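*Asks:* Dumping the structure here so I can ask a few things about it.
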Amino acid sequence: MPHMMPMMWMLMLIMIMFFFFMMISMLYFFSLSNYTISSSTMKLHHHTYSSQKINWIWKW
963 MPHMMPMMWM LMLIMIMFFF FMMISMLYFF SLSNYTISSS TMKLHHHTYS SQKINWIWKW
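First residue of the sequence shown? That's 963 in my numbering, and the numbers climb one at a time after it.
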């Protein structure tokens, strides 16, 4: 079916772009979390940071 090929390519492109977006966002989030943990004392900010992380995951 030749008329289905552009649709398949579009679907593949969208999926690849979505995958890259997810990868970049996860990498950014993990780097941010590592930065906040290393820059501040864990004892003090651990509870608030974990709650923020749960809220961020809950939003998605």
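The beta carbon of each residue, even a glycine, is placed where N, CA and C say it ideally should be. Just so you know, these numbers come straight off a predicted model, no measurement behind them.
Taking 6 angstroms as the limit between beta carbons, can you name the residues of its chain near residue 974, skipping five residues before and five after?
*Replies:* Here the question's residue 974 lines up with position 12 in the sequence shown. Result list for residue 974: empty, nothing under 6 angstroms.
*Asks:* Do you know how far the Cα of residue 981 is from the Cα of residue 991?
*Replies:* In the sequence shown, the residue the question calls residue 991 occupies position 29. In the sequence shown, the residue the question calls residue 981 occupies position 19. Looking at the two C-alpha atoms, the distance is approximately 15 angstroms.
*Asks:* Between residue 971 and residue 978, what straight-line distance do the alpha-carbon atoms span, to the nearest angstrom?
*Replies:* Indexing the sequence shown from 1 puts residue 971 at position 9. Indexing the sequence shown from 1 puts residue 978 at position 16. Their backbone Cα atoms lie some 10 angstroms apart in a straight line.
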